[in-house]
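Novice: This is the structure I have questions about; it appears just below.
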Amino acid sequence: MPLNIPRSQYEKIAQHAIAAYPREGQGLLIGKESDGGMLVADFAPMPNVWESYEDNPYETRPQDSARNRTLMDPQDFIRVDREARSRGLDIICYFHSHPDHPARPSEFDRRHAHPFLIYAILAVANGEPRELTAWQLNEDMSQFLIVELNIVEDPA
Amino acid sequence: MGVKIIIPTPLRQYTAKNDTVIVEGATVEEAFKNLAAQYGDLRKQLFTEEGKLRSFVNIYKNDEDIRYLSKEQTPVKDNDVLSIVPSIAGGRPSVAGGASPVPACR
Numbered sequence: 004m005p006l007n008i009p010r011s012q013y014e015k016i017a018q019h020a021i022a023a024y025p026r027e028g029q030g031l032l033i034g035k036e037s038d039g040g041m042l043v044a045d046f047a048p049m050p051n052v053w054e055s056y057e058d059n060p061y062e063t064r065p066q067d068s069a070r071n072r073t074l075m076d077p078q079d080f081i082r083v084d085r086e087a088r089s090r091g092l093d094i095i096c097y098f099h100s101h102p103d104h105p106a107r108p109s110e111f112d113r114r115h116a117h118p119f120l121i122y123a124i125l126a127v128a129n130g131e132p133r134e135l136t137a138w139q140l141n142e143d144m145s146q147f148l149i150v151e152l153n154i155v156e157d158p159a
Numbered sequence: 002m003g004v005k006i007i008i009p010t011p012l013r014q015y016t017a018k019n020d021t022v023i024v025e026g027a028t029v030e031e032a033f034k035n036l037a038a039q040y041g042d043l044r045k046q047l048f049t050e051e052g053k054l055r056s057f058v059n060i061y062k063n064d065e066d067i068r069y070l071s072k073e074q075t076p077v078k079d080n081d082v083l084s085i086v087p088s089i090a091g092g093r094p095s096v097a098g099g100a101s102p103v104p105a106c107r
């Protein structure tokens, strides 16, 4: 099912990723199924707490930082999930940026991904937004499959 | 009456699309055992084979992380709300010296 992102929401995503550069930016896309696709209604940017969260459950090597990792504060997830449900929407996609790296999921992305959540990645090269791609784990969670992504006109 | 468990989007496929499930239980552990008994496929997502809560799963009782309460033994009562919150992370491959001023990942 394609991920359809209205142009105004794409602009919010890109601006967030530019502001975060050279660190990774992140956020959640909320929306719902519409016309055979998942239509994004809103982008909720979130601070990247990789370097500050006390209970980071992920393996952390000396070379890891917010330049190559993102982590979401669970409180931010609760807040956005609650807001989405109050609007009759769902969290449909997790977004993060790859500073100076292609918009392809890393092995870290694959190993830690949740099935049935779309993962969108924006490459940011020298502070400029480049390719935006979307991915979803296959059923046995062994690999990411590309999801069709369309930038669409804003709903009237 | 019972404890309300809020299921986040990525896990609703295991709960027949339900976004909230009401269960009985006097502790977080009991409530989740009852939840897992109702939705067997959810068990693997939340617990290890040894029955421990997975490290990439956070549980909040009325907006407080149970790690800072009494963990799985945290008492719950009717009308308490438990939220299951998946840890979400991402990243690009790092390079040696990834914290240097000029990231040079290729």
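Top line first, the protein sequences correspond to chains A and B. Here my numbering = 1-based position in the first sequence + 3. Here my numbering = 1-based position in the second sequence + 1. Backbone N, C-alpha and C fix where the C-beta goes; we use that ideal spot for every residue, glycine too.
1) Does Asp45/A come out as helix, strand or coil in the three-state DSSP assignment?
2) On the three-state DSSP scale, how would you describe Gly41/B?
3) Short check: CB of Ile94/A to CB of Thr10/B, under 7 Å?
4) At a CB-CB cut-off below 9 Å, which residues of chain A make contact with Phe57/B?
5) How about Ser109/A and Pro94/B: are their beta carbons less than 7 Å apart?
6) To test your reading of the DSSP string, which unbroken alpha helix (DSSP H) runs of 4 or more residues are found completely within the segment 96 to 143 of chain A?
7) Would you call Lys62/B buried or exposed, if buried means 16 or more other Cβ atoms sit within 10 Å of its Cβ?
8) Measure from the C-beta of Arg44/B to each C-beta in chain A and report whether the shortest distance is under 7 Å.
9) Going along the chain, which residues of the segment 60 to 80 of chain A sit with their C-beta nearer than 9 Å to a C-beta in chain B?
10) Nearest to Asp58/A by alpha carbon, out of Ile7/B, Gly91/B and Asp66/B?
11) Mind checking Ala100/B: buried by the 16 CB within 10 Å criterion, or exposed?
12) I need the straight-line Cα distance from Asp20/B to Arg13/B, nearest angstrom please.
13) Along chain B, which residues have their Cβ under 7 Å away from the Cβ of Gln29/A?
Specialist: Taking the geometry as given:
1) strand
2) helix
3) yes
4) Pro60, Tyr61, His115 and His117
5) yes
6) 110 to 115
7) buried
8) no
9) Pro60, Tyr61, Arg64, Pro65, Gln66, Asp67, Ser68, Arg70, Asn71, Arg72, Thr73, Leu74, Met75, Pro77, Gln78 and Phe80
10) Asp66/B
11) In this prediction, Ala100/B scores a pLDDT of 37, lower than 50, which makes its location untrustworthy; the coordinate-derived value is nonetheless stated afterwards. Exposed is the call here.
12) 6 Å
13) Gly91
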